[in-house]
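Enquirer: One structure is given below, represented as structure tokens, and several questions about it will come after.
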Amino acid sequence: MSFDDIKLLLTNKFGESVITGEEYTGMQPALLIDPDRIAEVCLELRDNPKTYFDFLSCLTGIDYGIDSGRFGVVYNLSSIPYHLQLTLKVSKENNRNEEELPSFPSVTSVYRTADWHEREAFDLVGIFFEGHPDLRRILLPDDWEGYPLRKDYKTAEYYKGIKID
Amino acid sequence: MTPDLTNESGGVVVTKMNDLMNWARLSSLWPLSFGIACCAIEMMGALVSTYDLDRFGVFPRPSARQADVIIIAGTVTFKMAERIKRLYEQMPEPKYVISMGSCSNCGGPYWQHGYHVVKGVDRVIPVDVYVQGCPPRPEALIGAILELQKKIEQEQLIG
């Protein structure tokens, strides 16, 4: 199944509005998906007998920078039976206020492996995943303040009395 | 040993109590079996057959309460720093610290942009011997043990 076939399959199932754009500049073409429907799209791609994207190779949280004010998530799907790869991207604008994290639907109900991936994106980039069963920090200590891989992150001076820099 | 052997020629050794205790202590430096990152691989290499640190009486112990020395072999993150401090506090006196490798000496490759790395384990616990290298070779760690033995030899525990 080609990239265009997958696109057609998704628009037939969910309508034109589900795909908000395409990117051809990366290592492989990517589909930009409506953030609110990413979990449904993943479920369809996983269960459809023509695609069987049964493996989430990677999930990445991205801070697109202070100027653009966008946060995104990239999903790298693999179909083991058909040897296919597919990249999905979602992104949203956010005011970078740590009280209102950018929020995307969790795909843990579709891919169990997304559990820890989403926790990592939450821990380091500060992306909230609605419907995640256990969204807490995974690498940093529980009482860490801030999200270190954000572009505007400022290293604190001390952590528990130990000087950082 | 049979009683005959111990009484052989009836020799007597005269020494100072302090020297005897120091000799005993430096000849059985038991490290905590504790490694954090890639330096721990070199530490393991130093402990097993090729380099065999056991010939210096260095024999890793699984409990902090049985350990004389803790070898900080690897990157000390802030999350791990608390654990290291706790392990160090659980060790009985007299206790020693060997900081193995650039990360635990000064932060190593994480000295800049390393928001999560303690820039030197000496910000958490006192260090007796630093071993440079990234990672140091087993010979370097053996060198550190020998340095520590020299330090212990000079100590005055009593009197």
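Those sequence lines, one after another, are chains B and H.
Numbering of the first sequence is given in the working numbering, commencing with residue 949 and proceeding in unit increments.
Numbering of the second sequence is given in the working numbering, commencing with residue 466 and proceeding in unit increments.
Each residue gets a CB set at the ideal place from its N, CA and C atoms; glycine is no exception.
#1: Hey, how far is the Cα of B/G963 from the Cα of H/I537?
#2: Distance, Cα to Cα, B/A1069 vs B/G1009?
#3: Determine the chain H residues that contact B/D1113 at a beta-carbon separation under 8 Å, and present them in chain order.
#4: Note down, in chain order, all residues in the region 588-603 of chain H with a beta-carbon under 9 Å from any beta-carbon belonging to chain C.
#5: To the nearest whole angstrom, what separates the beta carbons of H/V589 and H/M565, a pair I think is in contact under 8 Å?
#6: So, using beta-carbon positions, are B/R1044 and B/G1017 closer together than 8 Å?
#7: State buried or exposed for B/Y1095, treating a residue as buried only when at least 16 other CB atoms are found within 10 Å of its CB.
#8: Using a Cβ-Cβ cut-off of 6 Å (strictly less than) and excluding sequence neighbours within five positions of B/D1071, which residues of its own chain qualify?
#9: Quick one: which chain B residues come within Cβ less than 9 Å of H/A546?
#10: Name, please, each residue of chain H whose Cβ falls closer than 9 Å to the Cβ of B/P1096.
#11: Let me know the secondary structure DSSP gives H/M466 once reduced to three states.
#12: Please identify, using Cβ separations under 8 Å, the residues of the region 523-557 of chain H that lie next to chain B, in order along the chain.
#13: Please report the distance separating the alpha-carbon of H/P557 from that of B/K1102.
#14: Rounded to whole angstroms, what is the Cα-Cα separation between B/Y1030 and B/D952?
#15: Quick check on B/N960: buried or exposed, where buried means 16 or more other Cβ atoms within 10 Å of its Cβ?
#16: Quick one: give me the first and last residue of the alpha helix (DSSP H) that H/C571 is part of.
#17: Hey, would you say B/V1055 sits closer than 8 Å to B/C990, going by beta carbons?
#18: Grouping DSSP H, G and I as helix and E and B as strand, with all else coil, what is H/Q555?
#19: Could you tell me if the beta carbon of B/L958 falls within a distance shorter than 7 Å of some heavy atom in the ligand NAD?
#20: Between the beta-carbon of H/I563 and the beta-carbon of H/V534, is there less than 8 Å?
#21: Output the distance between the C-alpha atoms of H/C599 and H/D519, rounded to the nearest integer angstrom.
#22: Would B/S1027 and B/T999 qualify as a contact pair, given that the criterion is a beta-carbon distance under 8 Å?
#23: Beta strand (DSSP E) containing B/L1004: first to last residue?
#24: Quick one, are the C-beta atoms of H/S493 and H/G522 less than 8 Å apart?
#25: By DSSP, does B/R1085 sit in helix, in strand, or in coil?
#26: Compute the Euclidean distance between the alpha carbons of H/I610 and B/E1105, then round it to the nearest angstrom.
#27: In terms of alpha-carbon separation, which member of H/D593, H/R602, H/S569 lies closest to H/G613?
#28: Which residues in the same chain as H/L606 place their Cβ atom closer than 7 Å to its Cβ, once the five residues preceding and following it in sequence are excluded?
#29: Starting from the Cα of B/D938, find the closest Cα among B/T1035, B/R1060, B/D1100 and give me that residue.
#30: Assuming the contact rule is C-beta atoms closer than 8 Å, B/P1050 and B/I986 should be a hit. Round their C-beta distance to whole Å, please.
#31: In the DSSP output, which residue or residues are listed as bridge partners for H/I537?
#32: Which residues in chain H sit within 7 Å of B/P1089, going by Cβ to Cβ distance?
#33: Counting only Cβ pairs nearer than 7 Å, list the residues of chain H close to B/T1103.
#34: Per DSSP, what are the beta-bridge partners of H/V582 in this structure?
Expert: If we stick to the structure as given:
#1: 58 Å
#2: 5 Å
#3: K584
#4: Although the question refers to chain C, the structure presented lacks it and instead comprises the protein chains B and H.
#5: No, H/V589 and H/M565 are not in contact; Cβ-Cβ is about 15 Å, not under 8 Å.
#6: yes
#7: buried
#8: R1085, I1086, L1087, L1088
#9: Y1107, K1108, I1110
#10: Y580, H581
#11: Low confidence applies to H/M466: its pLDDT is 43, below 50, so where it sits in the model is not reliable, and the reading given next is rough at best. Three-state DSSP puts H/M466 in coil, outside helix and strand.
#12: F543, K544, A546, E547
#13: 39 Å
#14: 16 Å
#15: exposed
#16: 567-571
#17: yes
#18: helix
#19: Looking at this structure, you won't find the ligand NAD or any other ligand, since it has none at all.
#20: yes
#21: 24 Å
#22: yes
#23: 1003-1011
#24: yes
#25: coil
#26: 35 Å
#27: The sequence given here places Leu at residue 613 of chain H; Gly does not occur at that position. Ranking the options by Cα distance to H/L613, first place goes to H/D593.
#28: E507, M508, A511, M565, V596
#29: Coverage of chain B is limited to positions 949 through 1113, which leaves residue 938 of chain B absent and any answer about it impossible.
#30: Incorrect: roughly 13 Å between the Cβ atoms, too far for contact.
#31: H/S564
#32: F543, K544
#33: Y580
#34: H/T542
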